[in-house]
Amino acid sequence: SQQGEEDPQALSIQEGENATMNCSYKTSINNLQWYRQNSGRGLVHLILIRSNEREKHSGRLRVTLDTSKKSSSLLITASRAADTASYFCATDAGGSARQLTFGSGTQLTVLP
Amino acid sequence: NAGVTQTPKFQVLKTGQSMTLQCAQDMNHNSMYWYRQDPGMGLRLIYYSASEGTTDKGEVPNGYNVSRLNKREFSLRLESAAPSQTSVYFCASSESGDTQYFGPGTRLTVL
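The structure is reproduced here in structure tokens:
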């Protein structure tokens, strides 16, 4: 079963606008990660936020985590056409192998 | 460094045929993973290997077997392919367990 569920499923914005994607999950987590997938390619790690953190920044990315609501959001500021991709949240519940459970993703299209 | 490599990139099988998907990583990571991705969905874990010599089932292991050949290599075998196994397969590796590094994927079609 998918632990994380992203919202919206698809998002289309103009270049320069901000894009916000949300992720909800069901069980306690050790950390939550966001990955990006360009069409036909593998996933690339973007950012990780631990369960004791509330907000994290990396370049144009801002991630928030609300463990009481079991939700996270990814904000991409000043979007570019090159940001067009699918974005997935993944939760790590801990354990020996640190398995990740992925959501179904948000397809972001940035129009030039 | 090549990172995580997978072979083949594409494969077409007939129902009942067998094949092995190969994965190798050159980052000296302990943990390796096999996922499948179906259209419009996220990745689902098939099998994982926390360290050399160990393997464990993930969310969707039925119809698959794995071998952790050594620290670098982790293969996925389909003994008798079925159309329901048509998917894109990704291998990943991780050292600390935090960040996973993914290969480019194998697109498998079972007719």
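Heads up: the sequence lines are chains Z and W, in that order.
With the working numbering, you'll find the first sequence wraps up at 113, consecutive numbering, no jumps.
With the working numbering, you'll find the second sequence wraps up at 115, consecutive numbering, no jumps.
Virtual Cβ for every residue (Gly too), placed ideally from N, Cα, C.
Burial state of residue i, where buried means 16 or more other Cβ atoms lie within 10 Å
i        : result
SER13/Z  : exposed
MET22/Z  : buried
LEU112/Z : exposed
GLY109/W : buried
THR102/Z : buried
ARG37/Z  : buried
SER22/W  : exposed
LEU33/Z  : buried
SER2/Z   : Its pLDDT being 44, under 50, SER2/Z is placed unreliably in this model, and the coordinates cannot settle the point.
ARG51/Z  : exposed
GLY104/Z : buried
SER129/Z : A question about residue 129/Z goes unanswered here, because the residues of chain Z that appear run from 2 up to 113.
Opposing strand residues paired with residue i [DSSP bridges]
i        : result
GLN26/W  : THR11/W
SER53/W  : MET36/W
LYS61/W  : TYR51/W
TYR57/Z  : It is Lys, not Tyr, that sits at residue 57/Z in the sequence shown. Answer by DSSP bridge pairing, in chain order: VAL64/Z.
MET22/Z  : LEU75/Z
ASP93/Z  : ASN32/Z, LEU101/Z
THR110/Z : SER13/Z
ARG51/Z  : ASN32/Z
LEU38/Z  : What sits at residue 38/Z in the sequence shown is Gln, not Leu. Per DSSP, LEU44/Z, SER87/Z.
LEU112/W : GLN15/W, SER91/W
Residues near residue i in its chain [Cβ-Cβ closer than 8 Å; skip 5 each side]
i        : result
THR110/Z : ALA11, LEU12, SER13, ILE14, THR85
ALA54/W  : ASN34, SER35, ASP60
Span of the beta strand (DSSP E) around residue i
i        : result
MET45/W  : Segment: none, MET45/W is in no beta strand (DSSP E) and carries neither H nor E.
SER100/W : Element bounds for SER100/W: n/a, residue is neither H nor E.
LEU80/W  : 78-82
SER71/W  : 68-72
Amino acids of chain Z, ordered along the chain, whose beta-carbon sits closer than 9 Å to that of residue i
i        : result
GLN104/W : GLN34, TYR36, LEU44, HIS46, ALA91, ARG99, LEU101
Neighbourhood of residue i by C-beta distance below 7 Å, restricted to the same chain and skipping five residues each side
i       : result
ALA94/Z : THR28, SER29, ILE30, ASN31
LYS18/W : LEU115
ARG48/W : TYR39, ARG40, GLU63, VAL64
VAL8/W  : CYS27, GLN29, CYS95, ALA96, SER97, TYR105, PHE106, GLY107
ARG81/Z : GLU16, VAL111
SER91/W : ARG40, GLN41, ASP42, LEU112
Proximal residues to residue i (C-beta, below 6 Å), its chain only, five neighbours per side dropped
i       : result
THR24/W : SER79, ARG81
LEU75/Z : MET22, TRP35, VAL64
HIS46/Z : TYR36
GLU56/Z : THR65
Partners in chain W for residue i, counting only beta-carbon separations shorter than 9 Å
i        : result
SER105/Z : GLY44, MET45, GLY46
Contact test: residue i Cβ vs the ligand COA heavy atom, cutoff 7 Å
i       : result
GLN15/Z : Annotation note on the ligand COA: not contained in the displayed structure, which lists no ligands.
Listed by chain order, chain W residues near residue i by CB distance under 8 Å
i       : result
LEU49/Z : ASP102, THR103
Neighbour list for residue i in chain Z, Cβ cutoff strictly below 7 Å
i       : result
LEU49/W : GLN100
SER98/W : ARG99
Proximal chain Z residues relative to residue i, where beta-carbon distance stays under 8 Å
i        : result
GLY62/W  : GLN100
PRO108/W : ARG42, GLY43
PHE94/W  : GLY43, LEU44
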